[in-house]
Each structure stands twice: as C-alpha cells, then as structure tokens.
Amino acid sequence: MMTGRHTVEQRHTVEGTDPGLFVEVHQPATDAGLRPVLLIHGFSSSSKLNWVDSGWVATLQGAGRRVITVDLPGHGRSHSPEDLDSYTPSRIRADLLQIAIDAGARPLRDGDPATGLDIIGYSLGSRLAWEFAATQPDLVHRLVLGGPSAQDPLAAFDLAAAQKYLADGTPIEDESTAGLLKMAAMLPSNNLFAMLSLIEAIKGEPFDPAEAAPHLPILLVAGDKDERALTMPRLAAIAGKAGALVETLVIPGRTHTNVVTSRAFKDAAVEFLGV
282 MMTGRHTVEQ
292 RHTVEGTDPG
302 LFVEVHQPAT
312 DAGLRPVLLI
322 HGFSSSSKLN
332 WVDSGWVATL
342 QGAGRRVITV
352 DLPGHGRSHS
362 PEDLDSYTPS
372 RIRADLLQIA
382 IDAGARPLRD
392 GDPATGLDII
402 GYSLGSRLAW
412 EFAATQPDLV
422 HRLVLGGPSA
432 QDPLAAFDLA
442 AAQKYLADGT
452 PIEDESTAGL
462 LKMAAMLPSN
472 NLFAMLSLIE
482 AIKGEPFDPA
492 EAAPHLPILL
502 VAGDKDERAL
512 TMPRLAAIAG
522 KAGALVETLV
532 IPGRTHTNVV
542 TSRAFKDAAV
552 EFLGV
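Shown next, in the form of structure tokens:
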C-alpha cells in the first residue's frame, strides 16, 4: 500500500468562491515516465471509496503512474459550498482543469509520453470526464469511462420530493429518487443538502453527449447487469462519429455499483492507458 510520504495533499482554490476541493497526488515507487492519471468518482461516493479502497490507486501506482484524486464538492473530504455555482458541471470541469495543471499535467506534445492527461471516470465521473475531454482536446490523451450512460442518471431525480423528505420526513414516491438519497445518506462524509445542490446544478446543465464528443481513444466499461450499459453502443457511436477510436468491455456478473471493484476493469484500464 501507499505510504503517507508518497502522497501529497492539497486544498484546491480558484479565483472567486473557494469550492475547497480535497485533492491528493499519489506518486508511484517507480515512475514509468507517462502522463498523470486523473480519477473522477461517482455521485455520493468519494475518491477514497471509489479509488483507494477498491485498489485502483495502488494498481495504477504499481504500473508506474502518478495518480490525481479529487473529492467532488459536498463529497468525501471536500467542502460543501453554499453557492449553487460551485456544483455546476462547467464549474467542476474548470476546477478539474486547474487541479490537473497544479499537479503538473502539461498540454500534449507529439512524441513526449509524459505530456497530456489520462482520465478514468466512474458513473457521474464518466459524464464529467466525457465533457472534460471534449472541451480539452489539447490536454486529454485517453479516456476510460466506467458505468457510463448516454442519459443523465440524475435528470429524473425528484428534487422537490427529496427536499420535502429531508425537511419533514414526507415519503418519496419515486423509487429511483428514494434509492439515490438512501445511497447518499449511507456515507457519513456526504452532506445531503450539498448533494441536492449538486443535483439541482446538474439539472441546470443537462448532459447531451452528442453536443460535444471527445475525439480521442476511449474505453467504455460496464457490468452486464448494469441497465445503463444498454446505452453504451449509443455513446460509442457518438464518439466514433466524432473521430474517436472506441473500445468496449462488458464484465460478466457485475452491476453498476460493483463493476468498479473488478480486477478485469483495472487490468483493461492499465493496458489501455499504458501507451
């Protein structure tokens, strides 16, 4: 496992409001000389839960990669800002760009494998990674998206019902909304009111993968028991039309929740990014 001296912690700030994002840069014991890897976790999770506890950081370090992890606003050890703007996907992408640059990522240069940035996103992190790569073609080299969806899974969330439930315990009728809120409440570090701010901000910037598609190599990964995986062919077609080289991997027996722990997923990602 990683020792403390191999990890640099930092609080990320930008001009204007401070989202107080918790960032760690994990150094490998032996550097392979390749660009850093940015990991973006899913809704109601954290970098510790998605990436450290499940062995991703150690696996990537073992492959000689420098790893950047960040907790999204309201998640993990990041702050829970009161302003809605801090939670918008566009603001989060701007913060991620600054975090990557602060951690030493540099624009891609032909023939220099240390330049650029590889990204692995999971669930909501896949949506953010898709848009980030589409808007930063001079920086992003390759993309791995776990549990991706061509639709925004938070778009149907019943915000008013969730707010009423938190205010006075009124039961939530929509099963999907109730399930997401229950999942968010299971992690003590989550701020539920910040989670609702994030959902509200995401609803304000709906996900349309065709609006801006990455045109770089992409690996799409999902479990065969993940209903969202049914939209993977559509994502692959959109990216292919934009000029991307797309590979897909469907992992038997895995759901949307537990595909992130799969050894096959990790091995495929390390191989795909190791160029």
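Each residue of the sequence shown is one higher than the last, beginning at 282 in my numbering. Idealized CB from N, CA, C, for every residue including glycine.
Contacts around residue i, its chain only, beta-carbon distance under 7 Å, and the 5 residues preceding and following it disregarded
i: T536; result: G504, K506, D507
i: R423; result: D399, L497, P498, F553, L554
i: A549; result: L500, V502, L530
i: P309; result: Q342, G345, R346, R347
i: S543; result: I532, R535
i: E486; result: T369, P370, S371
Neighbourhood of residue i by C-beta distance below 6 Å, restricted to the same chain and skipping five residues each side
i: L341; result: V318, V348
i: H360; result: G301
i: A545; result: I532
Cβ distance (whole Å) where residue i is taken to contact residue j below 8 Å
i: D433; j: R408; result: 7 Å
i: R316; j: P394; result: 7 Å
i: P354; j: L302; result: 7 Å
i: A493; j: I519; result: Between I519 and A493 the Cβ distance is about 10 Å, and since that is not below 8 Å, they are no contact.
i: L426; j: A410; result: 6 Å
i: D364; j: R358; result: In fact, because the Cβ distance is near 19 Å, the residues do not count as touching under 8 Å.
i: G336; j: K522; result: Rounded, the Cβ-Cβ distance is 35 Å, inconsistent with contact.
i: A428; j: V540; result: Residue 428 is actually Gly in this sequence, not Ala. That belief holds up - the Cβ atoms of G428 and V540 are roughly 6 Å apart, short of 8 Å.
i: Y403; j: H322; result: 6 Å
Of the listed residues the options, nearest to residue i (C-alpha basis)
i: L378; options: L420, E363, R358; result: L420
i: V556; options: A313, W411, M513; result: A313
i: T538; options: L330, S359, E305, V306; result: L330
i: Y368; options: A482, I380, A465; result: A482
i: L462; options: D449, A448, L477; result: L477
i: L516; options: F413, D489, G385, H322; result: D489
i: I480; options: D366, P469, S328, A510; result: D366
i: D551; options: H356, T311, I401; result: A quick correction: the sequence has Val, not Asp, at residue 551. Nearest of H356, T311, I401 to V551, Cα basis: I401.
i: A475; options: I321, S326, T311, A381; result: S326
i: I382; options: A441, V304, D334, G323; result: V304
i: T512; options: D391, S430, V540, E528; result: S430
i: A442; options: A459, A436, V527; result: A459
i: A437; options: S457, I453, H322; result: S457
i: G385; options: D455, V540, G397; result: G397
i: F324; options: S470, V527, E528, P514; result: S470
Unbroken beta strand (DSSP E) run spanning residue i, endpoints
i: D399; result: 398-403
i: R372; result: Here R372 belongs to no beta strand (DSSP E); instead the alpha helix (DSSP H) covers 370-383.
i: V551; result: No beta strand (DSSP E) contains V551, which is instead part of the alpha helix (DSSP H) from 544-554.
i: A503; result: 499-504
Bridge partner(s) assigned by DSSP for residue i
i: T311; result: T311 is not bridged to any residue.
i: L320; result: T350, I401
i: L424; result: I400, I499
i: D393; result: R390
Unbroken alpha helix (DSSP H) run spanning residue i, endpoints
i: V338; result: 337-343
i: G485; result: 473-485
i: E528; result: No alpha helix (DSSP H) contains E528, which is instead part of the beta strand (DSSP E) from 527-532.
i: L462; result: 456-466
i: A431; result: Where A431 is concerned, there is no enclosing alpha helix (DSSP H), given that its DSSP letter is neither H nor E.
i: L447; result: 440-449
i: P514; result: 513-522
Cβ neighbours of residue i in the same chain (closer than 8 Å, five flanking residues each side left out)
i: L473; result: L447, L462, A465, A466
i: P495; result: W411, A414, A415, P418, V421, L424, A520, A523, A525
i: V295; result: With a pLDDT of 48 at V295, under the threshold of 50, the predicted position of this residue should be treated as unreliable, though the coordinate-derived value follows. Excluding residues within five positions, the ones whose Cβ falls inside 8 Å are A375, D376, Q379.
i: T311; result: G345
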